[in-house]
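Enquirer: Below: one structure in structure tokens.
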Amino acid sequence: MDKRFYKSIGEYLIEEGIITSWQLEEALKEQVNSGDPLGKILVRLGYIDERTLISALSKQLKIPFVDLKTYNFDLEVVNIIPQTMAEKYNVIAISKIDRVLTVATTDPLNVMIIDELHRVTKYNITPVFSTETQIKEAIARFYSQQESATQRIKEESTYLPAAETEFETTEALEDINELKRAADSSSVVKLVDAIINDAVKKNASDIHVEPDEKALFVRIRIDGVLYEVEKISQKLQPALISRIKIMADMDIAERRLPQDGRIGLKVQNKDIELRVSTFPTIYGENVVMRILDKSSALLSLEELGFSKSKLEEFRRLIKQPHGIILATGPTGSGKTTTLYAALTEINSVEKNILTLEEPVEYKIGRIRQTQVNPKAGLMFASGLKFMLRQDPDIMMVGEIRDMETAEMAIRAALTGHLVFSTLHTNDAIGAVTRLIDMGVEPYLVSSSVIGVIAQRLVRLLCPKCKIAYTPDKGLLQTLELPGSPKDYTFYRPGKCKECFNIGYKGRTALFELLVIDEELQKLIVDRVSGVELKKVALKKGLKTLRSDGVDKIVKGITSVSEVLQLT
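In terms of this note's numbering, the sequence shown has 200 at position 197, counting the first letter as 1, and numbering is strictly consecutive.
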């Protein structure tokens, strides 16, 4: 698109109230020097985000916008455009009707690209808008260099059972036996093994097997992000899911109720445990397998991502003789990993350490670990009562969910025990207000809670392919960084075989550590608001999750988008 067109887009954004005249003038000045498209400059300066820009372009040009994060791709359609061309022009094919190929792009008016796609594919091209980030992620996801598991066995299936809906739990026994025979067929066994092996090879944490109206999809979670890796014929659905259930020692005849199970196996010389969960949906049973590498060592505190000062402060905190230490954050933010690292750090022959978890994820020597058992009536609150009779020095309870558990944890802390637990709150101050909201008296909170650590997990940039760039002034202002752009070098994700073309490899944590001192204790007793508590904590040196993330951006550990997305 030429500059005159982008100027009209700028004026359109002003009319819509998305940017100001001053911001447009600044971007146009920048364009004179860089020659980059105005939209790209507006995003770079932080005046507008990528999604808002594309949505505005879509409305003005009356070209549809497609959200690729929720789009169901057909791999055959994707592969109509060669990978080199998709990467060169940042485009991806999303649907095909007769001789018309719909392609997602950030530049649907670029006639040169459209003509080139038509020449190579022999299809008539219909462009639609999507964001640059979503297109790049889709390209990395679907143009995998690894051979598809289903491709490896696509010709081997000699038995394709009928659709799941043809089987009912009340049907004759021979139908269940037939389903078992299908699940034990060589092609299905190889398919399930290939899916698990591929996930372990890519260091995935979870495998999702998801039935849909016309196909069975397989996605894997790598460093917190889901990627689609397989689209399997619906004919294989009953046999494949039954195979997983047989391996997990589940009842294959029961498809109306959720079930849980475990699979222990050796994959690529690693001892792997799969925590399997099924859930009935309108299209059949959804299966999620959590991958636990039992042969991998637990992380130490040094490996979690603490800054030097926070590590020293946290170490001092976990060596206190009594009190409650809370880890907060959403599900999957690494709270349990942090508590495991803390327990490992203070574990010794002189200490009696007990845990009550849901479930026990990793075993730690010399620590007595117990799993909640709702059927037997062993829950967090009741379990804490029994743990106190075991003469513990240190206790960990998986989560404080209710008033009863909170009261038991506080009683333990006030009678000379060190208690670790978790809460689901957005930041460290939120843990204090959450306990009070549960009904705990403020004076009990102030006298028992000695520290709170809030955390989030961000992806680590792949060291092999990360790309350096100089941030602009607008970005520095957004991140509240002093100085000029030339003082900084930031990095964005690239692509390489090492990271499976994702640009990230592994994760680290952002931390916010709140130590409850005498001044904060008094404010808690006085029932001041969470906002006021945070203001005081910030004055006393509290470093927020955002500020910890900015430090990791500056050090080249992670990207701007990772930090801004999570903080």
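Heads up, the beta-carbon is just placed ideally off N, CA and C, and yes, glycines get one too.
Using a Cβ-Cβ cut-off of 6 Å (strictly less than) and excluding sequence neighbours within five positions of valine 443, which residues of its own chain qualify?
Expert: Once the five neighbours on either side are set aside, the close Cβ partners of valine 443 are Ala409.
Enquirer: Taking only beta-carbon positions, decide if threonine 373 is within less than 9 Å of chain C.
Expert: The structure shown contains no chain C, having only a single protein chain.
Enquirer: Leucine 438 and leucine 426: beta carbons closer than 9 Å?
Expert: Cβ distance < 9 Å, so leucine 438 and leucine 426 count as in contact.
Enquirer: Among Leu229, Ser189, Arg414, whose alpha-carbon lies nearest the alpha-carbon of alanine 202?
Expert: The shortest C-alpha separation from alanine 202 is found at Leu229.
Enquirer: Quick one, are the C-beta atoms of alanine 186 and isoleucine 255 less than 9 Å apart?
Expert: Contact flag set, yes.
Enquirer: Between which two residues does the alpha helix (DSSP H) harbouring lysine 269 extend?
Expert: Per DSSP, lysine 269 belongs to no alpha helix (DSSP H); it is in the beta strand (DSSP E), 262–270.
Enquirer: On the three-state DSSP scale, how would you describe glutamine 372?
Expert: Three-state result, glutamine 372: strand.
Enquirer: Which same chain residues, not among the five before or five after cysteine 465, have their C-beta less than 8 Å away from its C-beta?
Expert: Counting only Cβ-Cβ distances below 8 Å, and skipping sequence neighbours, we find Pro496, Gly497, Cys499, Glu501, Cys502, Ile505, Gly506, Tyr507, Lys508.
Enquirer: Just verifying my parser: in three-state terms, what is the DSSP assignment at threonine 105?
Expert: Three-state result, threonine 105: strand.
Enquirer: Evaluate arginine 7 with the Cβ neighbour count: other Cβ atoms within 10 Å of its Cβ, from every protein chain shown; 16 or more gives buried, anything less gives exposed.
Expert: Confidence in arginine 7 is poor, its pLDDT being 40 and thus under 50, which makes the residue's placement unreliable; the coordinate value appears in the next sentence. Exposed is the call here.
Enquirer: Determine the closest residue to glutamine 372 out of Gly386, Phe317, Val221, with distance taken between C-alpha atoms.
Expert: Residue Gly386 is the option with its Cα nearest to glutamine 372.
Enquirer: Please state if the CB of arginine 224 and the CB of serine 208 are separated by a distance shorter than 9 Å.
Expert: Yes, Cβ-Cβ distance for serine 208 and arginine 224 is below 9 Å.
Enquirer: Between leucine 273 and histidine 121, what straight-line distance do the alpha-carbon atoms span, to the nearest angstrom?
Expert: One point to set straight first is that residue 273 is lysine, not leucine, in the sequence displayed. Spanning the two alpha carbons is a distance of roughly 47 Å.
Enquirer: Any idea if glutamine 271 is buried or exposed, counting beta-carbon neighbours within 10 angstroms, 16 or more meaning buried?
Expert: With fewer than 16 other Cβ atoms within 10 Å, it is exposed.
Enquirer: Per DSSP, threonine 511 is paired with what?
Expert: According to DSSP, threonine 511 bridges with Val461.
Enquirer: Sort Pro474, Glu483, Glu257 by Cα distance to tyrosine 583 and report the nearest one.
Expert: Nothing can be reported for residue 583, as the shown portion of the chain is limited to 4 through 570.
Enquirer: Tell me, please, which residues DSSP counts as bridged to glutamate 288.
Expert: In DSSP, glutamate 288 forms a bridge with Pro283.
Enquirer: DSSP beta-bridge partners for threonine 331?
Expert: Threonine 331 pairs with Leu426, Ala457.
Enquirer: Specify whether the region 356–367 and the region 387–403 touch according to this definition: at least 3 beta carbon pairs, one from each stretch, less than 8 Å apart.
Expert: Taking 8 Å as the limit for Cβ pairs, the verdict is that the region 387–403 does touch the region 356–367.
Enquirer: Taking C-beta to C-beta, are glutamine 34 and isoleucine 21 nearer than 9 Å?
Expert: No, Cβ-Cβ distance for glutamine 34 and isoleucine 21 is not below 9 Å.
Enquirer: Quick one: Cα of valine 435 to Cα of serine 562, how far?
Expert: C-alpha separation (whole angstroms): 31 Å.
Enquirer: How many angstroms separate the CA atom of aspartate 2 from the CA atom of isoleucine 453?
Expert: The shown model of the chain, from 4 to 570, leaves out residue 2, and the question about it has no answer.
Enquirer: In chain order, what residues of the same chain lie with their CB nearer than 8 Å to the CB of threonine 326, ignoring the 5 residues before and after it?
Expert: In the sequence under discussion, the amino acid at residue 326 is glycine, which differs from the threonine named in the question. Ala416, Leu421, Val422, Ser451, Val452, Ile453, Gly454, listed in sequence order.
Enquirer: Have a look at the DSSP bridge pairing and note the partners of histidine 420.
Expert: None; histidine 420 has no bridge partner.
Enquirer: Return the bridge partner residues of lysine 99 from the DSSP annotation.
Expert: DSSP lists Leu104 as partners of lysine 99.
Enquirer: Alpha carbon to alpha carbon, how far is alanine 143 from isoleucine 83?
Expert: Going from the Cα of alanine 143 to the Cα of isoleucine 83 covers about 16 Å.
Enquirer: Go through its chain and collect everything with a Cβ distance to phenylalanine 145's Cβ below 7 Å, but skip five positions before and after it.
Expert: Correct list, in chain order: Phe76, Leu78, Val81.
Enquirer: Relative to the C-alpha of phenylalanine 309, which residue among Ser189, Leu48, Glu515 is closest?
Expert: It is Glu515 whose Cα lies nearest to the Cα of phenylalanine 309.
Enquirer: Return the bridge partner residues of lysine 273 from the DSSP annotation.
Expert: Looking at the DSSP assignment, lysine 273 forms a beta bridge with Val270.
Enquirer: Measuring CB atoms only, is the region 109–123 touching the region 131–141, in the sense that at least three cross pairs come out at less than 8 Å?
Expert: Verdict: yes, contact present.
Enquirer: Compute the Euclidean distance between the alpha carbons of leucine 1 and alanine 512, then round it to the nearest angstrom.
Expert: Residue coverage of the chain in this structure runs from 4 to 570, which leaves residue 1 outside it and unanswerable.
Enquirer: Spatial neighbours of leucine 27 within its chain, please: CB distance less than 7 Å, with the 5 preceding and 5 following residues excluded, ordered by chain position.
Expert: Around leucine 27: Gly13, Ile17.
Enquirer: In chain order, what residues of the same chain lie with their CB nearer than 8 Å to the CB of cysteine 468, ignoring the 5 residues before and after it?
Expert: So the list reads Pro496, Gly497, Lys498, Cys499, Glu501, Cys502, Gly506, once near-sequence residues are dropped.
Enquirer: Using the beta-carbon count (16 or more within 10 Å), is isoleucine 432 buried or exposed?
Expert: Burial call: buried.
Enquirer: With the cut-off set at 9 Å, would you say glutamate 565 and arginine 462 are in Cβ contact?
Expert: Yes; because the gap between Cβ atoms is below 9 Å, this pair is in contact.
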